[in-house]
Each structure stands twice: as structure tokens, then as C-alpha cells.
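Right, one structure below, let's go through it.
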Amino acid sequence: MNIDVIPNSCEKYITFSKQIKDGFYVKFVDTFRFMSESLANLTNNLAKDKSKFRETKKYFSNNNLNLVIRKGVFPYEYINCWEKLNETSLPPKSKFYNSLTDDHISKKDYIHACEVWKKFNIKTIGEYSDLYLLTDILLLSDVFENFRDICLKTFNLDASYYLTAPSFAFDAMLRFTKVELERLKDYTMLLMIEDGIRGGICQSVRRYAKANLPNVDGYDEEKPNVYLSYFDCVNLYGKSMLASLPYKDFEWYSDFSLNIMMIDDNGPYGFILEVDVDYPENIHDAHSDLPFLPQNSCPPNSKVKKLLTTLHHKKNYVAHYRTLKQAVNNGLKIIKIHRVIRFKQSKWMLPYVMKCTSMRVKANNEFEHQFWKLMVNSVYGKCMENPRKRMEIKLVTSDKMACRYLIKPNFKDRTIYSNNLMAIHMFKGKIKFDKPIYVDSLLYRIKTNDFFNDLKYDLLKHFDTSNYPHNHSCFNSNNESIPGYFKDELKSGIMTEFVSLRSKLYAYTVNGDEYKRAKGGDSSKIIENHNINLIQSTKHQVYSKSVSKVVLSANDDKRVILKGGVCTLPYGHYKLKNT
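Position in the sequence shown (from 1) plus 1170 gives the number in this note's numbering.
Shown next as C-alpha cells:
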């Protein structure tokens, strides 16, 4: 056997290929790594133009086309033995229940299934299954071919030659900008720049809030009006990539008398510094909600590193000079400079980001809208890619082949699938650092008499209100989808109450409707302990499985929770000295 794999993990392969003969390989690529959306939604987006169903039209006449250019329905859990495929009628609607989604099909979907059965003169559920699988394959081929057309038209690159959307997006960016990025050759410099990569902040600062407005239950006219708003920065990664970015001539800079406050943000040269920074106590209260210079460290009584926003003094902190300028402008003090890297910089990514932004504005459906955002975010992720995390797996079918890899110094582990198939896990023998590593939402409580009036007259220049109703006083489409502007996720709706147990675990009410969010849990049924039905792979054997998860947990150690359980303080705050 000669099968090559590129693994994401021991259970997930990005691709695998089989050599048929010399110079001829068959490669299997997952379209979901380009279009991370359900086939039903992708097909619905395409259904507005029937001419795009080129492969489907080869198999079905125009008379039947309307029945097959949408995702079909199938009683997955009802078919639990071969005999049921010989049944001569569709099962009742109740048998189409899906425990993975805890959902029944709609009456409209069931009527559609009955029409398909009748129109195609189907005799058994087995025949219905064959038709269901055929239409799935044809619809996916049409969706992906149209995706390829978009990529070819925009960037003159064929997505089918790539394995994932990020790899395609990175090449598209290089082709579009024609930039030549210098590879770092100094390993010490590489390690210093890596120390400055920390990830994104996610925290719960105030754990409960209630609006105080007329027409809201519990309104107290003696107290100030309080609005609750839910903002998201439009394409936050894209905004950062519009700035001047490093691209060549990296060197150690020996003049430690450097005054970063005098360096132009868009000048020809930029700097990355390793510094000691003091956080004066007189600004702790002002910075309490969102301190500057976050760092990866273990909270007290924990062994797990998390990205924390603290008010501690910073030692040997690595940061871009613009980040340090912002901190110094707000009261922090640089005490000592340890090391400095200088480089040439320019706004080389700007044309690509603006191209994707313009395509996003022109998007005709939600998939295209999200795809053009992904084309920007993927480039950011590809630049930050850590090659140390890459795996190497060899599939072997004999003792002789296994021994060849087991005795190598980079052998890591093995997984036995059967008597004649084993996966050998290897550390990378050679790591190539070829990525330019040098290179999201907010809920706010506002005390004001009329938030929208303040927005209209004072803050509109910072907001994208294109999602507001057209008759709203704050509606404006001038900033639609432009990176860096803030968008109201409630679309001018009124949030009346908010509660957060920790980051990514919260609930809120808008116009009387309750919304729940829990990362890793089912948002429709958030309870303390929740059984989740899912599909899981073990040694590449796929099973449906029920897993019990603790969903509601108030164990938040990113900040110190104060008495009352609502307000919090960051570690290092002067008020916590005696606690």
C-alpha cells in the first residue's frame, strides 16, 4: 500500500493520496475546508440562478429540476438495518427525527420528500437512498465548481489545486499584492517575535447588567437611563492588516535610547521591542475593565496558561512599537529596553484587504459574504501558523515497513487499526519557518439619556449602521463592511438584560426574546449538565455517541470576582493587595 496523508490530527486528515502508477496519483480533498457551511445553505444560495447547476442538469430534465436543486431529507436514524431499505413507502414524518440536532423535519420538507418519491416513481427506500446520494454529490459538485469560478475570476487561481481555504487565500494575497516577503534567518530573532504573539482577548468584566429605560420592566426614573448594546468590530483582523506591516530588512538595532513616541506610525521603518513596563497605581481604576498589554500566564491556583489582562508590571515584554506607544500615551511607563528589532514596513496588504472588502459588500448571499471575510482572516491565520504543530503520519501494512519508522529518532507514537494496518506518528524531522509571523466582540453598558441620539451626533463616524432599518434615524450605509468600524449586532434592537458566567458563556434578552451562548454546548438547551449527541471518530471508525458535558460553570479565573458576584477586577489591581 502506498497512501500518503497530510494530517491535522491523528483522527483528522487534511488530505490523502494514492499512487496508481508512476506519475499518477489520486488525491482526496475535503470541500468543507473551503466552504465551511452546510450543503443545504450552499445550495439555497445557488438556487437563485438555475443555470449554475451544470452537473445536476446533466442528470435531470428541466421538469424535475426544481425537485433536486435543494438539499433532500432522509430518515438517517430510522434506517438501522438492511431490511428497511426494501420497504415500499416512506416512513411517517416522525421517523425523520435527528438526535444530533434534536430536530424534526418541517411539514414542507416531508411534503417535498413525498413529491420526490412520487415524481421519480420510486419503489423502495433503497431507491430513494440512491437518489438522495446522487443529488447530494451533484449539488456539491455544482457548488464547488461555482466556488472555483469565483476564485478564478477574482484572483486567476484555481482553488482545486489547494487543500484548504487559508492556503489558497495566502497565495491569492501574494499574487494580488506582488509583495516579496523576507524570510527570517536569525533563529533568536524568530523566537523573540514569537514571544510577541499572544492571541485574542476574551473575558467577562461585568457579569450582570439590566437596562433602565422607559417601557422596560423595573424602570426607575430616579436613576440614569442605562442602555445595553452589543458591538462587534467589522473584520478586526482586516483592520490590523490595513496598517503598515513589516516585510524586509530585519536587523538587530543597538540604539536603546530610541524614543518610540517620535516614530511615525506609517514611517519607512518599524520596531519590535523587548521592554520592562511599569503600570502606575494611579491609572488602575481607569484601566480596570480593559488593561493594556495582555500576557499569557497561569491564573492563581491553576496550571493552565490563559491570556490575561492584568495590571501587573511587565518584565521582558515583547511588543510592536505602535502597541507600546498606545500604552505610554495612556499612562504606562517604559522602564528599560532589552532588545530591539528594526525592519522596513509599508501598507503592502491594503490592496488585498480592500479588494476582499469590496467583494464582500457586493456579495449576493451569506456564504459569499462570510467567504470574503474568511479570505482576509485566513491570511492572518496563515501568517501566524506555527510549523512546530505540524504532524507527520505514515501508514504501514507490514512489520518491515513499521520497523523502518519505529527505529527513527523522531518516532513519537503509533496507532494500530488492524492486524495489517498501523499509523506511525512522527515528529517533523525538519521544521521550516517560512511564514511571515512578523506580520472581536464587545458588550457595553452605557449610561445615557438616549444612546441612539448620542450615536447619531457624536459616534456615527466610528460605526457601521448599514444593518439598521432604513427608516431608523441612525441608518447609514457609507461604512458598510469597512474593516475597523463597529457594528450593532442587535440591529438597533433593545437589550434589556444580560448575564455572563464567564467568557463565551452568557445569555441576554432582546425585545422579549432570550438568547443563550455557550461554547462547546447546545445553545438551544443550556442546562447545568447536558447530554450532547454527536458523531465521533476513534481510530477512523465513526460512531454516534452521547456525551455528558458541564455547560453552566461559573468557574472564571481570568479575573477576580468581587463580593456579590457581579463586578470583577483584573489581577494586579491595587485594591487586591490585602485580599
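All residues carry an ideal CB built from backbone N, CA and C; glycine is no exception. In this text, all values refer to a predicted model and were calculated from it rather than measured experimentally.
As computed with DSSP, Val1669 is found in a beta bridge with Tyr1378 and Ala1677. Taken atom to atom, the span from the alpha-carbon of Lys1570 to that of Ala1329 is near 38 angstroms. With fewer than 16 other Cβ atoms from the protein chains shown falling within 10 Å of its own Cβ, Ile1586 counts as exposed. When DSSP states are grouped into helix, strand and coil, Glu1247 belongs to the coil group. A distance below 8 angstroms between beta-carbons, with the five flanking residues on each side excluded, links Tyr1741 to the following residues of its chain, in chain order: Pro1469, Pro1470, Leu1478, Thr1480, Leu1481, His1482, Arg1729 and Val1730. In the three-state scheme derived from DSSP, where H, G and I count as helix and E and B as strand, Asn1486 is classed as strand. Rounded to the nearest whole angstrom, the CA to CA distance from Asn1649 to Ser1636 is 7 angstroms. In the structure shown, Tyr1397 falls within a strand segment according to DSSP collapsed to helix, strand and coil.
At a Cβ-Cβ threshold of 8 angstroms, Thr1201 and Leu1309 do not count as neighbours. Listed in chain order, the alpha helix (DSSP H) elements of length 4 or more contained wholly in the region 1238–1301 are 1277–1289. Under the DSSP assignment, Gly1408 falls in the alpha helix (DSSP H) whose first and last residues are Leu1406 to Ser1410.
Within the model, the alpha-carbon separation for Gly1193 versus Asn1172 is close to 13 angstroms. Between the region 1566–1581 and the region 1238–1247, the count of Cβ pairs shorter than 8 angstroms is below three; the stretches do not touch. Asn1382 and Gly1682 have their C-alpha atoms roughly 15 angstroms apart. Classified as buried, Leu1398 has 16 or more neighbouring CB atoms from the shown chains inside 10 Å of its CB.
Counting only unbroken stretches of 4 or more residues, the alpha helix (DSSP H) elements lying wholly within the region 1471–1528 are 1491–1499, in sequence order. Excluding residues up to 5 positions away in sequence, Asn1382 and Leu1383 lie with their Cβ nearer than 7 angstroms to the Cβ of Tyr1389 in the same chain. Distances from the CA of Lys1182 to each of Asn1580, Val1199 and Gln1189 were compared; the closest alpha carbon is that of Val1199. The region 1638–1645 and the region 1661–1674 touch, with three or more beta-carbon pairs separated by less than 8 angstroms. Assignment of beta-bridge partners to Ala1688 by DSSP yields Leu1675.
Only residues of its own chain outside the window of five on either side were considered, and among them Phe1186 and Ser1187 have a CB closer than 7 angstroms to the CB of Asp1174, listed in chain order.
Annotation note: the region 1190–1239 contains the following uninterrupted alpha helix (DSSP H) runs of length 4 or greater, listed N- to C-terminal: 1209–1216, 1224–1229 and 1232–1238.
CA-to-CA, the gap between Ser1208 and Asp1356 works out to about 44 angstroms.
Where Leu1576 is concerned, the enclosing alpha helix (DSSP H) starts and stops at Asp1569 to Leu1576. Excluding residues up to 5 positions away in sequence, Glu1181 lie with their Cβ nearer than 6 angstroms to the Cβ of Ser1707 in the same chain. Residue pairing of Val1349 in beta bridges, as defined by DSSP: absent, with no partner found. By the Cβ criterion, the region 1594–1605 is in contact with the region 1551–1571, since at least three pairs of Cβ atoms, one from each stretch, lie closer than 8 angstroms. In this structure, Val1447 lies away from Lys1495, with their beta-carbon atoms at least 8 angstroms apart. Contact check for Lys1514 against Tyr1608 fails: the beta carbons are separated by 8 angstroms or more. Taking every protein chain shown into account, the CB of Lys1348 has fewer than 16 other CB atoms within 10 angstroms, so this residue is exposed. Counting along the chain, the unbroken alpha helix (DSSP H) around Met1545 starts and ends at Glu1536 to Cys1553. Residue nearest to Asp1435 within the set Glu1444, Lys1517, Phe1420 and Leu1460 is Lys1517 (criterion: CA-CA distance). Under the criterion of beta carbons closer than 8 angstroms, Arg1530 and Ser1651 qualify as touching, at roughly 5 angstroms.
An exposed status is given to Trp1252, since fewer than 16 other beta-carbon atoms sit within 10 Å of its beta-carbon. Distance from the CA atom of Leu1322 to the CA atom of Ser1647, rounded to whole angstroms, is 29 angstroms. In the structure shown, Leu1310 falls within a helical segment according to DSSP collapsed to helix, strand and coil.
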